Every structure is written in C-alpha cells, then in structure tokens.
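K.L.:
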Amino acid sequence: MIGKETLEEAKQAIINYDKEKAVQLTEKVISDGVDPLEIMNNGFIPGINEVGDLFGRGVLFLPELVQCADVMKTVTDIINNALPSQENAEEKGSMVIATVKGDVHDIGKCIVVALLQANGYTVYDLGRDVDTDRIIEEAVKVEADIIGTSALLTTTMTRQKELEEALKSIGLRDKFKTIVGGAPVTGRWAAKIGADAYAEDAQDAVLKVKELLAS
Ligand code: B12
4 MIGKETLEEA KQAIINYDKE KAVQLTEKVI SDGVDPLEIM NNGFIPGINE
54 VGDLFGRGVL FLPELVQCAD VMKTVTDIIN NALPSQENAE EKGSMVIATV
104 KGDVHDIGKC IVVALLQANG YTVYDLGRDV DTDRIIEEAV KVEADIIGTS
154 ALLTTTMTRQ KELEEALKSI GLRDKFKTIV GGAPVTGRWA AKIGADAYAE
204 DAQDAVLKVK ELLAS
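Have a look at this one:
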C-alpha cells in the first residue's frame, strides 16, 4: 500500500509538471517492490485528470498541458517497463490497437497495451493518429482476434463508428471482435456503434479482452 501523502505528491507532481519529483516517486515505489499501477491509478491519473479539468476551465493553457503530459508520459514509460513481461506465456490471443485518426492522445492506450502484454496477450500497437483503413489492413495481416481503438476527443470518437462501418462494408465484421476506449467513450457509445465491448480503464480492458476471447 502506498501512503496517502505519497499519492498526493504524485498527483501534484503531474499538476506542477515536476518531472524530477514524479520520476523519483515512481522509482521509489518500484524499488520498494510495490505494484506501480497503484501510484499510476491513484496518484498520476487523478493528477492528469485534474490538469484536463483546469485546461477545460481555462485556468491552465496549452504549453502547461504539454509539459504535464510530458511528465505523465515519462512516468508511464517507466511503469510500463517495470510491469512483468510474459514472453514465454502460452498464446492467449492477439489484438491490434491504435489511437484513431486525428487524435494524438496515447498515454492511456500505452497503459492498456502494457497491461495486456503483462497479462500474456500479443498486442500490435499501431501508435496514434492511425487511419481506419490501416487499422483494418494490419488486423488482417497479423490475423488479430480483436481490434481496439482509443479516442480522447469527442470529434474523433466518430472514427470508432467508421471502423465498425468499414468492417461491415468489406464483409469482415465477423472476423474480429472490437473494443473501444478513451475518456469520452462510454458503454452506451459502444452499444450504439455496434462495438463488441467497452472498457473504462486498463484493468477493465484486460477483463473485457478475456471475455471477448472466450465468447
Ligand atoms: C494529456 C492530454 C493531452 C496531451 C496528449 C499527450 C499524449 N501523448 O497522449 C496533448 C498536450 C498532446 C493534448 C493535446 C490536445 N488536447 Co488533450 N488532453 C490531455 C488530458 C489532460 C489527459 C489525457 C490522458 O492522458 N489521460 C490519462 C489516461 C491514463 O487516461 P485515458 O486516456 O482516458 O485512458 C484510460 C481509459 O480511457 C482507457 N483507454 C484509453 N484508450 C483505450 C483504448 C482501448 C481499446 C480500451 C479498451 C481502453 C482505453 O484506459 C486508459 C488507462 O486507464 C485530457 C483530459 C482528460 N481528462 O482526459 C485532455 C483532453 C482530452 N484534451 C483536449 C483537447 C481539446 C486537446 C487539444 C485539441 C488541445 C489544443 N487546443 O490543441 C489537443 C488535441 C490534439 C489531437 N489532435 O489529438 C480535451 C478534449 C475535449 C473534447 N471534448 O474533445 C480534453 C478533455 C481536455 C479538456 N478538458 O478540454 N492533450
């Protein structure tokens, strides 16, 4: 268990874009042998969410948002690298994942990728700002079981619908399961566009992927 004070320090380190502090806290948690997802979920993510609120309310501006995101990205990379790898695990299933076209937000997607990999799934991460056609091409190429898409903007969520429609129009909808995520995305949106699943965070994504592969 990480103390409340440390979690608050982690949150503030993101809000104040204090990279040195954020890295120091992360490394301490890892060297203490504590699950680093705890500081991520209960310290850094609340911090970046608050940054989003402050930005949305016009209290904080883009240059600061960029710096906060940079600190968030740095600690995400350290934590992702510290998650146990399951390289020799038996093949559980594979997934192609991308942040949709027009959207460069990828911090959350990278956490999802790392946690799925740590749980033994094969994940092909196509990155961010990825065209719908390319997502489908890659999924066909690697014979993925699941296609996952991340969207953080209300304006780019429509790309998740575009993917469903594109799969249908080329007769490939039954070949893949689809899962959607990202802060503005909801279970209702998933149902509306005909996606097979929605997950609200990385832990939920691992559960939903397991369910999708069993169905
Ligand atoms: C960091 C950030 C940025 C960074 C992104 C850096 C990066 N490499 O990702 C930068 C500075 C680049 C950025 C840019 C912009 N941003 Co921005 N950004 C954010 C912020 C503060 C945090 C996002 C984040 O990383 N959250 C932390 C992660 C861990 O959470 P998450 O992404 O939701 O992911 C979790 C779940 O959603 C889920 N999940 C995510 N993906 C997937 C995928 C699958 C398949 C599954 C199953 C699950 C899943 O699991 C994840 C882990 O738990 C949000 C505010 C917010 N609260 O979302 C605004 C926000 C998304 N941004 C916003 C805006 C407006 C912009 C800009 C347009 C600003 C501008 N004027 O230029 C640009 C857009 C650029 C573009 N074309 O994409 C708005 C969007 C508003 C809207 N209605 O659409 C927000 C909401 C801020 C606000 N309140 O106004 N941004």
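Numbering (the working numbering), first residue to last: 4 to 218.
Note that CB positions come from ideal geometry on N, CA and C, so glycine has one too.
Treat the numbers as computed from the prediction; the structure is a model and nothing was measured.
1. Within a Cβ cutoff of 8 Å, which residues of the same chain sit near residue 144, ignoring the five residues on either side of it in sequence?
2. Could you give the residue range of the alpha helix (DSSP H) that holds residue 75?
3. With C-beta atoms as the reference, is residue 99 less than 8 Å away from residue 127?
4. Leaving out five residues before and five after residue 78 in sequence, what residues of the same chain have Cβ atoms less than 6 Å from its Cβ?
5. To the nearest angstrom, how far is the alpha carbon of residue 12 from that of residue 87?
6. Please determine whether the Cβ atom of residue 103 lies at a distance below 7 Å from any heavy atom of the ligand B12.
7. According to DSSP, what are the bridge partners of residue 151?
8. Evaluate contact between the stretch 109-124 and the stretch 204-215, counting only Cβ atoms and requiring at least three cross-stretch pairs below 8 Å.
9. Please report how far the alpha carbon of residue 73 lies from the alpha carbon of residue 19, in whole angstroms.
10. Using the C-alpha atoms, what's the distance from residue 171 back to residue 154?
11. Using the C-alpha atoms, what's the distance from residue 83 back to residue 69?
12. With which residues is residue 127 paired in a DSSP beta bridge?
13. Quick check: what's the CA-CA separation for residue 160 versus residue 135?
14. Can you tell me which residues form a DSSP beta bridge with residue 200?
15. Following a CB-centred definition, is residue 34 positioned closer than 7 Å to any heavy atom of the ligand B12?
16. So, are the CB atoms of residue 181 and residue 103 less than 8 Å apart?
17. Would you mind reading off the limits of the alpha helix (DSSP H) that contains residue 5?
P.N.:
A quick look at the data gives this:
1. Excluding sequence neighbours, residue 144 sits near nothing in its chain.
2. Per DSSP, residue 75 belongs to the alpha helix (DSSP H) from 65-85.
3. Cβ distance < 8 Å, so residue 99 and residue 127 count as in contact.
4. These residues qualify, in order along the chain: 25, 29 and 47.
5. Straight-line Cα distance between these residues: approximately 25 Å.
6. No.
7. DSSP output for residue 151 lists 100 and 182 as bridge partner(s).
8. As far as the Cβ criterion goes, the stretch 109-124 touches the stretch 204-215, which means the pair count is three or higher.
9. For residue 73 and residue 19, the distance between alpha carbons rounds to 12 Å.
10. In a straight line, the C-alpha of residue 154 is about 20 Å away from that of residue 171.
11. Taking the CA atoms as reference points, residue 69 sits about 20 Å from residue 83.
12. Under the DSSP definition of a beta bridge, residue 127 partners with 99.
13. Annotation: residue 160 to residue 135 spans about 12 Å, alpha carbon to alpha carbon.
14. Looking at the DSSP assignment, residue 200 forms a beta bridge with 182.
15. Not one heavy atom of the ligand B12 sits closer than 7 Å to the Cβ of residue 34.
16. No, the Cβ-Cβ distance between residue 181 and residue 103 is not below 8 Å.
17. DSSP places residue 5 in no alpha helix (DSSP H); its state is neither H nor E.
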